[in-house]
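To convert, note that position 28 of the sequence shown is 20 in my numbering; the numbers rise steadily by one, no gaps.
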Amino acid sequence: MGLKKSDNLIVSFLFCFLLVFAASGANVIVSEIHYHPLEGDPDVDRNDYEFIEIYNRGSSPICLTGVAFTDGIGGGFQEGDTLHPEEFRVLASDLDLFRERYGFDADGVFERRLSNSGERVTLEDTLRGEELFSVRYRTHHPWPVIADGSGHSLVPVNMYSEEDPDDPLWWRASAEVHGSPGREDPEAMQIDPIYINEVLATTSYPEVDWVEIYNPNEFPVDISYWFITDQKRRPRRYQIPAGTIIEAHGYMIFDEYDFEDGADPFAYSRNGEEPYIFSGNEAGELTGYSHGFEYGPIEEFVTYGRYVTSTGQEHFVPMAEPTPGAPNSAPRSGPLVITELHYQTQAGVRYIEIRNISNEAVRLYNPDSPEDTWRVSGVGSFEFPDMTVASIGQIIYLVDEVVDTTTFRVLYNIPDDAMVFNFEGTLSRNGELIRIRKPIENDDGDVYRQLIDAVDYQTEDPWPVVEDNWSIVRIDPTAYGNDPINWEARPGRGSSASVARRNVFSGASMLGAIRNGTDLRVSFSVKSGEELRFNLYDLRGRLVFSRDKQFFDKGNHVVDMNLDILSSGKHVLEMVNARGKSYEIGVGVVK
-7 MGLKKSDNLI
3 VSFLFCFLLV
13 FAASGANVIV
23 SEIHYHPLEG
33 DPDVDRNDYE
43 FIEIYNRGSS
53 PICLTGVAFT
63 DGIGGGFQEG
73 DTLHPEEFRV
83 LASDLDLFRE
93 RYGFDADGVF
103 ERRLSNSGER
113 VTLEDTLRGE
123 ELFSVRYRTH
133 HPWPVIADGS
143 GHSLVPVNMY
153 SEEDPDDPLW
163 WRASAEVHGS
173 PGREDPEAMQ
183 IDPIYINEVL
193 ATTSYPEVDW
203 VEIYNPNEFP
213 VDISYWFITD
223 QKRRPRRYQI
233 PAGTIIEAHG
243 YMIFDEYDFE
253 DGADPFAYSR
263 NGEEPYIFSG
273 NEAGELTGYS
283 HGFEYGPIEE
293 FVTYGRYVTS
303 TGQEHFVPMA
313 EPTPGAPNSA
323 PRSGPLVITE
333 LHYQTQAGVR
343 YIEIRNISNE
353 AVRLYNPDSP
363 EDTWRVSGVG
373 SFEFPDMTVA
383 SIGQIIYLVD
393 EVVDTTTFRV
403 LYNIPDDAMV
413 FNFEGTLSRN
423 GELIRIRKPI
433 ENDDGDVYRQ
443 LIDAVDYQTE
453 DPWPVVEDNW
463 SIVRIDPTAY
473 GNDPINWEAR
483 PGRGSSASVA
493 RRNVFSGASM
503 LGAIRNGTDL
513 RVSFSVKSGE
523 ELRFNLYDLR
533 GRLVFSRDKQ
543 FFDKGNHVVD
553 MNLDILSSGK
563 HVLEMVNARG
573 KSYEIGVGVV
583 K
């Protein structure tokens, strides 16, 4: 007796479901991402031509039941479908447009859009809650930028690589315009690298803007028909003439007069742009290689240049002096630099230390409009108060709002001549980019902010790994700050004032403790009704205050402690729930 059609479907589904448990998640990868396609039908949004592809690089079939994208985009595959070894599956943004462009049907539709500015895309086995593949792609160098609107897609350099897909070197641009959905991408053309090395974008007559390119190879490179641009999404603005050869380890300058003779004339903007070089051919086609960077607002006659860190990363930063046709100078340093980051503390205060390393006082505002002040980003966006001046050698502390500035001075023995300000937000224990920017005004009176110093600190090697209540400290304030080789771990100012939390519970969290008139005000948040006890100890361990209180509503609350019963100095505040779980924080009491 034969099986009914419905029985066949059940058998197929069960067979597929069993395969899920036999397959390794490491065997399925995202093998192509087409996030910013070329236009097609002028009446259709170009983003509707997006697609994403997966591939089984293993030796066993993989059941796609429950396999779906859960970050960035959404959507999965047909239940019961089996992805055999060396097979592809493609999800499209629009099935009809995909069929029109590629001549065959995609295997399904994904939800939402792939971001044109980069995002995390995750493929997951939702039945087992297992992540199968994840990548955070980017749209700027060192990622292949011709995948960003020039018609190419992102494909792996080697689909069998076990390296981290978040590494831009894991990816290359597709060999063909529109990508290669449903099949292995053809081998890419091997192109010798040429670098954008330095750019001068802010000049006055008779000086002109220029860009310098550099040949890092041991042999000359023919760059005939390559392109130079100021916007990576408009790569063909200026085409290099035929017969142009750059010598081994040689430099070549192209300036504003060259660009005026191009098909799409341009000059670099003092407000920030994207100098890029693209490989090309006589037919005006892009051939797959690009290099460049984005720079921000810059003062007159200051260049941005390529700097290679101790870990081999390329950074593009303001340089100490222009060096056209020669190796770059060192990066600019100062006048204000970040000298300490105290982010690793369980219960103490997180802070940033900044110093004026110049030989003159620095006005942290625009003299022509004092309301336009210097800013520090990465901790929200901190703006210095109007008319703030940093004297020679002066230290500035930016402190989170766990304590007020007066309490911070007492807790951490801050010198009287240092400035202390509270910032909103927090200094991340997982690493983040901290930048100092100053306001500059262009000829039209528009205000932009120029980069002065930046530290994109991380919490793992090669950056210093710190224990609780330690800081990372800049070794040489005059040397480039965004390089892990210039930082080391040291005990922070908070090492003697902080108290580690123990038995932390998730039902409530401490927001801070500050002076409120004649009281010490403790702020905290509860997720649901909680019965809490508040204990305050001095550093000898003596209980100096205790209070029980029942909270019926979730949200933020406060408890006030009368300062008359407290002594000045460091204390430990403990918050305990009915289950005996506690939450501790070091606080200062100033009477």
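All C-beta atoms in this analysis are idealised placements derived from N, C-alpha and C, irrespective of residue type, glycine included.
- Taking C-beta atoms as the reference points, D73 and L87 fail to come closer than 8 Å.
- For V20, the closest of V551, D438, I54 and V36 by C-alpha to C-alpha distance is I54.
- Secondary structure at N474: coil, using DSSP grouped into helix, strand and coil.
- Approximately 26 Å separates the beta-carbon atoms of Y129 and V191; this is outside 8 Å, ruling out the contact.
- DSSP places L87 within a helical segment (H, G or I) once states are collapsed to three.
- Q442 sits buried, since 16 or more C-beta atoms from the chains shown fall within 10 Å of its C-beta.
- Note on geometry: alpha-carbon atoms of F125 and G317 lie some 45 Å from one another.
- The region 375 to 392 makes contact with the region 343 to 354; the number of CB pairs closer than 8 Å reaches 3 or more.
- By the criterion of a C-beta distance shorter than 8 Å, L30 is surrounded in its chain by R38, Y41, G141, S142, G143, V169 and H170, once the five residues flanking it on both sides are discounted.
- Under DSSP, K519 forms no beta bridge with any residue.
- For D158, same chain residues with a beta-carbon under 7 Å away, outside a window of 5 residues either side, are V127 and R128 in chain order.
- For F258, no alpha helix (DSSP H) run applies, since DSSP gives it neither H nor E.
- L555 sits in a helix when the DSSP states are folded into three classes.
- Around G484, the same chain offers H334, N461, W462 and S463 as residues with beta carbons nearer than 7 Å, after the five sequence neighbours per side are excluded.
- Nearest Cα to P454 within the set E433, R427, G423 and R539: G423.
- Judged by DSSP secondary structure, F251 falls outside any beta strand (DSSP E) and instead within the alpha helix (DSSP H) spanning E248 to E252.
- DSSP places H307 inside the beta strand (DSSP E), whose first and last residues are E306 to P310.
- Sequence-distant partners of P134 (beyond 5 residues in either direction) whose C-beta falls short of 6 Å from its own C-beta, in its chain, are P160.
- For Y440 against N263, the beta-carbon gap comes to about 5 Å, under 8 Å, which counts as contact.
- Excluding its 5 nearest sequence neighbours in each direction, I444 has C-beta neighbours in its own chain below 7 Å: L328, I428, R429 and K430, listed in chain order.
- The shortest CA-to-CA distance from L356 to any of I188, K546, G326 and F376 is the one to F376.
- For D184, the closest of D214, H76, N414 and L119 by C-alpha to C-alpha distance is D214.
- Measuring C-alpha to C-alpha distances from D438 to each of G66, V203 and P289 identifies P289 as the nearest.
- Segment contact: the region 188 to 203 against the region 295 to 308, three or more CB-CB distances shorter than 8 Å; contact assigned.
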